[in-house]
Amino acid sequence: MILKSIFGLSLVLHASLDSQVSLKIDHGAWQQLSAPQREAALLPAVQRATDCIVQKFVGDPRYRADLRADEVNDLIVDSIAGCGPTVRAMIDAHDRIYGAGSGEAFLLGPYLDVLPSAVVHQVKARAPAH
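Just so you know, we're using the numbering used here here: the sequence shown kicks off at 83 and counts up by one.
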């Protein structure tokens, strides 16, 4: 369910947020970086996107601490939609670092695989201790 929703959302994001400004990027410089250096370069964009999604998630009026897994997934999909520019920036950063088209594959693959647990973990970490 979440994968289909995110895939559809990624198509909408691609169409609606596609940059009309062409940036000159030295792809050769990125290719010379090691894998850890590339990951470090991408990390700020991933953190900004995840932080935005978490903020939208907890700010949604449907949010409550006892959400079922399917409700968490639905709320995450809606939260991603509310973070379109930030998610698009993450996709674009991935494309610049790893090559054209890699950003959407990252969003729909590794990022989406860990996003629900990352959101739940961050929400629990932000919750006041009892």
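Heads up, the beta-carbon is just placed ideally off N, CA and C, and yes, glycines get one too.
All figures in this text were calculated on a predicted structure; none of them were measured in a lab.
Alpha-carbon spacing of residue i relative to residue j, whole angstroms
i	j	result
residue 136	residue 183	25 Å
residue 171	residue 138	17 Å
residue 120	residue 112	7 Å
residue 186	residue 124	14 Å
residue 190	residue 173	10 Å
residue 129	residue 114	24 Å
Simplified DSSP state of residue i, which is helix, strand or coil
i	result
residue 118	helix
residue 165	coil
residue 174	helix
residue 146	coil
residue 123	helix
residue 187	helix
Nearest-angstrom beta carbon gap, residue j and residue i [assumed within contact, 8 Å]
i	j	result
residue 175	residue 127	4 Å
residue 154	residue 202	7 Å
residue 205	residue 140	6 Å
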